[in-house]
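Residue 127 in full-length UniProt numbering sits at position 127 of the sequence shown, with consecutive numbering throughout.
Glycine included, every Cβ here is placed at the ideal spot set by N, Cα and C.
Predicted, not measured: the structure shown is a model, and the values here were computed from it.
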Amino acid sequence: MHPRAAEEGEPEPSSTFTLANQTGSHSGLAPLHYAAQKGHADIVKWLIEEAGAMPELEDSEGEVRTCSLSFLARRTPSRAQGLTARALARQTPLHKASHRGHLDVCRFLISRDVDVNTPDSDGWTALHNAASRGWLDVARLLVEAGAHVDAQSTHRYTALMNAASKGQLPLVNFLLKKGADP
1 MHPRAAEEGE PEPSSTFTLA NQTGSHSGLA PLHYAAQKGH ADIVKWLIEE AGAMPELEDS
61 EGEVRTCSLS FLARRTPSRA QGLTARALAR QTPLHKASHR GHLDVCRFLI SRDVDVNTPD
121 SDGWTALHNA ASRGWLDVAR LLVEAGAHVD AQSTHRYTAL MNAASKGQLP LVNFLLKKGA
181 DP
């Protein structure tokens with residue numbers, strides 16, 4: 001399938017389709033990435049179920065796209081794979097989802113028993129990401145799932161410090177109520 005067809009939501013059943021898992025030379029994205037980003041559920045479903053697209057497929061920068069996982073969380077959870085795969089900065093899909101505030105993806109990943117305290121190459125956990133971006137619902141979910149509120153990065157930053165430095169007052173208050181060390 002040509003990436004443009006997936007992006008526009010119109011599959012073209014012809015022999016000119018590229019392999020479902022082939023990434024574009026300029027964008028580094030596969031048809032699945034485009035279709036999931038644009039919310040074309042029928043195309044994503046077709047790519048996964050009929051064309052053999054891999055939901056855990058990395059883009060050209062070595063990152064698993066959370067948009068693909070988001071679709072899987074809602075539509076075909078039995079096909080989700082690569083949930084703990086790490087990208088170049090040793091970030092898991094949970095790191096990516098928490099950074100972007102994708103609550104449904106975080107919930108799905110946690111339901112699949114991913115470790116909420118796995119650090120990336122800088123020692124940041126998913127809670128660090130959620131706190132720095134102001135995603136209170138994501139932070140709540142992570143803490144309920146066992147995220148350590150005082151986990152320190154390699155530079156000794158905590159989620160509370162991240163939230164405070166970014167002016168995320170609701171998150172600061174939440175983390176303090178959950179026992180974060182001021």
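Neighbourhood of residue i by C-beta distance below 7 angstroms, restricted to the same chain and skipping five residues each side
i: ASN129; result: HIS95, SER98 and HIS99
i: LEU83; result: Since pLDDT at LEU83 reaches only 46, below the 50 mark, its modelled position is unreliable, and no value is offered.
i: ALA139; result: LEU127, ALA130, ALA131, LEU171 and PHE174
i: THR154; result: ASP122 and GLY123
i: PRO119; result: THR125
i: LYS178; result: VAL143 and VAL149
Element boundaries [alpha helix (DSSP H), containing residue i]
i: VAL138; result: 136 to 144
i: ARG133; result: 126 to 133
i: ALA147; result: Careful: ALA147 lies outside any alpha helix (DSSP H) and carries neither H nor E.
i: LYS177; result: 169 to 177
i: HIS95; result: 93 to 100
i: SER121; result: Per DSSP, SER121 belongs to no alpha helix (DSSP H) and is neither H nor E.
i: SER111; result: 103 to 111
i: ALA164; result: 159 to 165
Residue i burial status per 10 Å Cβ neighbour count (16 or more: buried)
i: SER132; result: buried
i: HIS102; result: buried
i: PRO31; result: buried
Cβ-based neighbour list, residue i, same chain, cut-off 8 angstroms, excluding 5 preceding and 5 following
i: ALA180; result: VAL149, ASP150, THR158, ALA159 and LEU160
i: PRO170; result: GLY134 and LEU136
6 angstroms CB neighbourhood of residue i in its chain, flanking five on each side removed
i: ALA164; result: VAL172
i: ASN162; result: HIS128, ALA131 and SER132
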